[in-house]
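Encoded as structure tokens, the structure appears first; notes follow it.
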Amino acid sequence: MINSLLAMNSASLLSQPIISAHNLDHYFGQGDLRKQVLSDINLELYKGEIVILTGPSGSGKTTLLTLMGGLRSAQSGSLKILGQEILAVLKQFC
Ligand SMILES: Nc1ncnc2c1ncn2[C@@H]1O[C@H](COP(=O)(O)OP(=O)(O)O)[C@@H](O)[C@H]1O
Ligand SMILES: [Mg+2]
Numbered sequence: 000m001i002n003s004l005l006a007m008n009s010a011s012l013l014s015q016p017i018i019s020a021h022n023l024d025h026y027f028g029q030g031d032l033r034k035q036v037l038s039d040i041n042l043e044l045y046k047g048e049i050v051i052l053t054g055p056s057g058s059g060k061t062t063l064l065t066l067m068g069g070l071r072s073a074q075s076g077s078l079k080i081l082g083q084e085i086l087a088v089l090k091q092f093c
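Taking numbering that gives the first Met the number 0, the leading residue of the sequence shown gets 0, the next gets one more, and so forth.
Right, here's the structure in full:
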């Protein structure tokens, strides 16, 4: 019983993305100084994938990695780790 439950869980874990981002936006600063650095980011990363993130200096690579690592919170959109929405949780702490 436990073995089959574990097998089901790992099968569903493998078929879902480890990280998924949808319509993710991020801004730094407030008021007149508010600057949008990420706009409508959509991606899905699966277990075992090797992904290269490229872009000019200042294009938002580090910002995106810190969002995906849970080190800061995006202002809007959806960010899921193993299917769990973490944006609302992060907003309470970051
Ligand atoms: N903590 C911060 N406060 C305000 N602006 C920031 C901060 N971190 C990064 N930025 C700005 O956000 C933009 C994206 O930066 P960053 O994610 O570091 O880009 P990359 O890693 O692609 O070089 C840049 O314009 C940068 O100046
Ligand atoms: Mg960087």
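Don't be surprised by glycine CBs; every beta carbon is placed ideally from N, CA and C.
Go ahead and label residue i buried or exposed: buried means 16 or more other beta carbons lie within 10 angstroms of its beta carbon, across all protein chains shown.
i          : result
residue 73 : buried
residue 51 : exposed
residue 49 : exposed
residue 32 : exposed
residue 66 : buried
For residue i, collect the residues of the same chain with a Cβ closer than 7 Å to its Cβ; drop the 5 residues on either side in sequence, then sort them by chain order.
i          : result
residue 27 : 34 and 36
residue 62 : 25, 36 and 37
residue 54 : 60
residue 95 : No statement about residue 95 is possible, as the shown extent of the chain runs from 0 to 93 and does not include it.
Just to confirm my understanding: we take residue i, look at its own chain, exclude 5 residues before and 5 after, and list those with CB closer than 6 Å. What are they?
i          : result
residue 79 : 19
With distance defined between alpha-carbon atoms, name the residue in the options nearest to residue i.
i          : options           : result
residue 46 : 91, 29, 14 and 65 : 14
residue 16 : 75, 22, 29 and 43 : 43
Under 8 Å Cβ to Cβ from residue i, same chain only, skipping five residues before and after it: list those, please.
i         : result
residue 5 : Caution is warranted here: a pLDDT of 46 is assigned to residue 5, below 50, making its placement in the model unreliable, and the coordinate value is therefore given only provisionally. The answer is none, since no qualifying residue turns up.
Inset, instruction - Considering only heavy atoms of ligand 2, list every residue whose Cβ is less than 6 Å from one of them, following chain order. - result: Output, sorted by chain position: 60 and 61.
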